[in-house]
Amino acid sequence: MSTTTRHREGQKHTAKQAAPGAAPAQSGWHSQRLLAWIFLAPTILGMGLFTLVPIVASVVLAFFRWDIISAPSFVGFDNFATVVQDPTVRVSFLNTIVFVLVAVSLQLGLALALAIMVQEKLPSWLRTFFRSAFFFPLILSAASVSIFMRYLFNEQFGVVNWFLSLAGIPAVPWLTTPGGSAAVVIMVYVWQNFGFSFLLFIGGLASIPTETYEAASLDGATGWRKHVYVTLPLLSPTTLLASVMAIISALQVFDQPYVLTRGGPGDSTRTAVMVIFESAFQRLEFGQASAIGVLLMLIIMAITAAQFRLSKRFVFYQ
Amino acid sequence: MSTTTERVLTRPAPAGHTPARRKPNWSLVTRVALLLLAAVLTLGPVMWTLSTSLRSPSESFKLPPSFIPWNPDFTSYAEVFQKLDIVILVLNSALVTGVIAVGQMVTAAMAGYAFANLKFRGRGFLFSIVLATMMVPVQVTIVPVFMLIRGMGLSDTLLALILPAIPTAFGTFLMRQYFLGLPADLAEAAAIDGASPWRTFRSVYAPLAVPGMAIVGILAFNFHWNEFFRPLIMTISEQNFTLPLGLVSLQGNLGTGSISVVLAGVVLSMIPALVVFIFGQRALQDGLTAGSSK
Chain B
1 MSTTTRHREG
11 QKHTAKQAAP
21 GAAPAQSGWH
31 SQRLLAWIFL
41 APTILGMGLF
51 TLVPIVASVV
61 LAFFRWDIIS
71 APSFVGFDNF
81 ATVVQDPTVR
91 VSFLNTIVFV
101 LVAVSLQLGL
111 ALALAIMVQE
121 KLPSWLRTFF
131 RSAFFFPLIL
141 SAASVSIFMR
151 YLFNEQFGVV
161 NWFLSLAGIP
171 AVPWLTTPGG
181 SAAVVIMVYV
191 WQNFGFSFLL
201 FIGGLASIPT
211 ETYEAASLDG
221 ATGWRKHVYV
231 TLPLLSPTTL
241 LASVMAIISA
251 LQVFDQPYVL
261 TRGGPGDSTR
271 TAVMVIFESA
281 FQRLEFGQAS
291 AIGVLLMLII
301 MAITAAQFRL
311 SKRFVFYQ
Chain F
1001 MSTTTERVLT
1011 RPAPAGHTPA
1021 RRKPNWSLVT
1031 RVALLLLAAV
1041 LTLGPVMWTL
1051 STSLRSPSES
1061 FKLPPSFIPW
1071 NPDFTSYAEV
1081 FQKLDIVILV
1091 LNSALVTGVI
1101 AVGQMVTAAM
1111 AGYAFANLKF
1121 RGRGFLFSIV
1131 LATMMVPVQV
1141 TIVPVFMLIR
1151 GMGLSDTLLA
1161 LILPAIPTAF
1171 GTFLMRQYFL
1181 GLPADLAEAA
1191 AIDGASPWRT
1201 FRSVYAPLAV
1211 PGMAIVGILA
1221 FNFHWNEFFR
1231 PLIMTISEQN
1241 FTLPLGLVSL
1251 QGNLGTGSIS
1261 VVLAGVVLSM
1271 IPALVVFIFG
1281 QRALQDGLTA
1291 GSSK
């Protein structure tokens, strides 16, 4: 990882030097500009059509009642009022917040602990093995993972309960109780995603100079103290990045609860994105779906902004 | 990675502070044991899936579970082909994923090159807009995108999945970084030889950008091969389903009949992802964490 890190830092340096001077003088500013616009056209047009216009349209649509069949009618803030008072929407937002808090802390904690354990004096073949093993679930589809996890967590013939029975623990009704379902959705999500944070932490750890640890051990720091006083502060930029990315992706969780539980039992595993999906494509309330989407987008923006604000206080840059 | 490994391993012990290395290093043993446990928990469910898919359908529920397929039985695999139009699903997935991957490679290379190497007015502004679109989750825009696709007469077609996925903010960002990493002298040398900007790109920079494009392609493949949310919304008829969607519907149809058939489908769907993992692991890891260094 450190090689890539260094490589990228190198890129940034060249970037500063290269960007202004990269234009070959003779070949002409005009033909360069023409080529630039030709090259950008597919990306810019595509993004305009499929991202920028839809963002604006979402916000506008949130103020209309529309079921595709009859003509849209302007309803002001009605959609927002309806949505905020809808108990299912409320529960799903609450579920999403609880999910983000629990899943993200588990994901980051696990990833950090494993990254520290892998990084410290381990033969490189073992390190490569662990890295591949922890990365592996990321290449699978969340839908397929949820399919086989549903069987593993089955109450009667599931492997998880079989292992628990070996320890004398009675069968847990994983997917038929609200608490059990929520726990399964969290475990499956963390199982699949901790490898990503793990990779980020491995990269961050590799960029901490070993001299820092030597200095710390000369000062008498050993074992976990070394990690509390050296690793954690020096790793804080990586932690910030890992937590921002983990939170944003956890806020959008859909595949796992949809396949594992369809949001149930009751509304216990219904997430914000699932309600957008249901109100738009099952109930054809496109205005309300857009209103929920706008609320979700506002929450994502607020959290991201807050994290960067907080980071100014707590993140330690070398 | 390798450099760190060597650096850590060959790090000289601080003078006057040499720990007794000959004793069994219990903290190392505990550490490896914990890591192995984590690896078993990570790989175990996948091993179980593979192993159970190779049991006969009637034995698929039997406990204790098996993790190593001692007597592989391929009847479930044969049954997948009967119960599910898996050939169509694979073809749909391959077509959608392949076109998106190639489309992203080409458009991201072009846009990345423009942002990195060409001068034009509004470059910084446009690039910051591209970056900003990375923050918007697909679910927020799905309703208008769905209507747009309907308006274009493309609903329930594979193009509905392909077209919106080709413009890629992350790929553009990655390719811009990649081009910035190439030496600027190349452009100067090409200019001295009288090459036009197009010629400079075509003959000098594009060939050098192939490894970067490969990362974009591999990432696109991995993401869209596994994608579930958009296909669930955009496709209605089963002949337009992609693999994840087909598998979920197969699971729903079979109920708890015989899990080995569903799991055989899951294993089949993993094979291309596994191939990409084996050949592109490094590129995938670098691509996913690109831009994460300070």
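From first to last, the protein sequence lines stand for chains B and F.
Per the numbering used here, numbering of the first sequence is gapless, rising by one per residue and ending at 318.
Per the numbering used here, numbering of the second sequence is gapless, rising by one per residue and ending at 1294.
Virtual Cβ for every residue (Gly too), placed ideally from N, Cα, C.
Measure from the alpha carbon of residue i to the alpha carbon of each residue in the options, then state which is nearest.
| i | options | result |
| --- | --- | --- |
| F:Thr-1141 | B:Gly-293, B:Lys-312 and B:Ala-302 | B:Gly-293 |
| B:Leu-240 | B:Leu-112, B:Ile-44, B:Pro-137 and B:His-227 | B:Leu-112 |
| F:Thr-1157 | F:Met-1135, F:Thr-1168 and F:Thr-1242 | F:Thr-1242 |
| B:Thr-177 | B:Phe-157, B:Phe-163, B:Phe-153 and B:Val-159 | B:Phe-153 |
| B:Trp-174 | B:Arg-225, B:Pro-265, B:Thr-88 and B:Pro-72 | B:Pro-265 |
| B:Tyr-61 | B:Ser-268, B:Pro-137 and B:Asn-79 | Position check: residue 61 of chain B holds Leu in this sequence, whereas Tyr was assumed. Looking at the Cα atoms, B:Asn-79 is the closest of the given residues. |
| B:Ile-38 | F:Ser-1260, F:Ser-1258, F:Leu-1084 and F:Ala-1111 | F:Ala-1111 |
| F:Ala-1114 | F:Leu-1028, F:Phe-1127, F:Ala-1160 and F:Val-1102 | F:Phe-1127 |
| F:Ala-1039 | B:Leu-40, B:Leu-35, B:Val-56 and B:Phe-134 | B:Phe-134 |
| F:Lys-1062 | B:Gly-158, B:His-30 and B:Met-47 | B:Gly-158 |
| B:Arg-65 | B:Glu-285, B:Ala-302, B:Lys-312 and B:Leu-310 | B:Glu-285 |
| B:Asp-67 | B:Ser-236, B:Ser-279 and B:Val-53 | B:Ser-279 |
| F:Leu-1050 | F:Gly-1122, F:Gly-1280, F:Leu-1288 and F:Val-1262 | F:Val-1262 |
| F:Met-1147 | B:Phe-50, B:Thr-304 and B:Ile-300 | B:Phe-50 |
| B:Val-172 | B:Arg-33, B:Ser-243 and B:Glu-155 | B:Glu-155 |
| F:Val-1130 | B:Ser-144, B:Ala-71, B:Gly-168 and B:Leu-40 | B:Leu-40 |
| B:Val-230 | B:Ser-249, B:Val-244, B:Leu-205 and B:Leu-251 | B:Leu-205 |
| B:Pro-87 | B:Leu-296, B:Gln-288, B:Asp-267 and B:Phe-277 | B:Asp-267 |
| F:Ile-1271 | B:Ala-57, B:Leu-140 and B:Val-83 | B:Leu-140 |
| F:Val-1089 | F:Leu-1028, F:Phe-1074 and F:Pro-1244 | According to the sequence displayed, residue 1089 of chain F carries Leu and not Val. The shortest C-alpha separation from F:Leu-1089 is found at F:Pro-1244. |
| F:Trp-1048 | F:Ser-1260, F:Ser-1093 and F:Asp-1286 | F:Ser-1260 |
| F:Val-1251 | B:Tyr-151, B:Gln-119, B:Leu-232 and B:Ile-276 | According to the sequence as given, residue 1251 of chain F is Gln; it is not Val. Selected option, being the one with the closest Cα: B:Tyr-151. |
If we count the other Cβ atoms within 10 Å of its Cβ and call it buried at 16 or more, is residue i buried or exposed?
| i | result |
| --- | --- |
| B:Lys-12 | With a pLDDT of only 41 at B:Lys-12, under the threshold of 50, the placement of this residue in the model should not be trusted; the figure read from the coordinates follows. That one is exposed. |
| B:Pro-24 | Its pLDDT being 45, under 50, B:Pro-24 is placed unreliably by the model, and nothing is read from it. |
| B:Phe-308 | exposed |
| B:Leu-94 | exposed |
| F:Trp-1225 | buried |
| F:Ala-1033 | exposed |
| F:Glu-1227 | buried |
| F:Gly-1016 | Only weak support is given to the placement of F:Gly-1016: the predicted model assigns it a pLDDT of 47, under 50, and the value that follows is read from those uncertain coordinates. Exposed: under 16 other Cβ atoms inside 10 Å. |
| F:Leu-1288 | buried |
| B:Gln-282 | exposed |
| B:Gln-26 | Residue placement at B:Gln-26 is poorly supported in this model, since its pLDDT is 45, which falls under 50; the coordinates still yield a value, given next. The residue is exposed, with fewer than 16 neighbouring Cβ atoms inside 10 Å. |
| B:Asn-161 | buried |
| F:Thr-1030 | exposed |
| B:Leu-234 | buried |
| B:Ile-169 | exposed |
| F:Val-1087 | exposed |
| B:Gly-21 | Any answer about B:Gly-21 is weak, because its pLDDT of 44 lies below 50 and its placement is not dependable; what the coordinates show is given next. B:Gly-21 is exposed by the Cβ-count criterion. |
Please report whether the beta-carbon of residue i lies at a distance below 8 Å from any beta-carbon of chain A.
| i | result |
| --- | --- |
| F:Leu-1159 | Absence of chain A from the displayed structure is noted, the protein chains being B and F. |
Find out if the Cβ-Cβ distance for the pair residue i, residue j is shorter than 8 Å.
| i | j | result |
| --- | --- | --- |
| F:Gly-1212 | F:Tyr-1178 | yes |
| B:Leu-260 | B:Ser-92 | no |
| F:Gly-1044 | F:Phe-1081 | no |
| B:Gln-85 | B:Leu-138 | no |
| B:Ala-246 | B:Leu-108 | yes |
| F:Phe-1118 | B:Leu-35 | Reading the sequence as shown, one finds Leu at residue 1118 of chain F and not Phe. Yes, these two residues count as a Cβ contact at 8 Å. |
| F:Pro-1183 | B:Pro-54 | no |
| F:Ile-1162 | F:Val-1216 | no |
| B:Leu-251 | B:Ile-300 | yes |
| F:Val-1138 | F:Phe-1229 | yes |
| B:Leu-101 | B:Val-190 | no |
| B:Met-274 | B:Gly-287 | no |
| F:Ile-1218 | F:Val-1276 | yes |
| B:Ser-144 | F:Leu-1041 | no |
| F:Ala-1273 | F:Tyr-1077 | no |
How would you write the range of the alpha helix (DSSP H) that residue i sits in, first residue to last?
| i | result |
| --- | --- |
| B:Phe-198 | 178–206 |
| B:Arg-131 | 124–135 |
| F:Trp-1026 | 1026–1053 |
| F:Met-1135 | No alpha helix (DSSP H) contains F:Met-1135, which DSSP labels as neither H nor E. |
| F:Gly-1112 | 1086–1117 |
| B:Lys-226 | 223–226 |
| B:Thr-239 | 232–251 |
| F:Trp-1225 | 1210–1225 |
| B:Asn-79 | 78–85 |
| F:Tyr-946 | Examination of residue 946 of chain F is not possible in this model, given that chain F is present from 1001 through 1294 alone. |
| F:Gly-1280 | 1259–1288 |
| B:Tyr-321 | This structure cannot settle anything about residue 321 of chain B, because the visible part of chain B is limited to 1 through 318. |
| F:Gly-1171 | 1169–1181 |
List the residues that DSSP assigns as beta-bridge partners of residue i.
| i | result |
| --- | --- |
| B:Ser-73 | B:Arg-65 |
Just to confirm, does residue i get its C-beta within under 7 Å of one of the non-hydrogen atoms of the ligand SAM?
| i | result |
| --- | --- |
| F:Val-1102 | Absent from the structure shown: the ligand SAM. Ligands present: none. |
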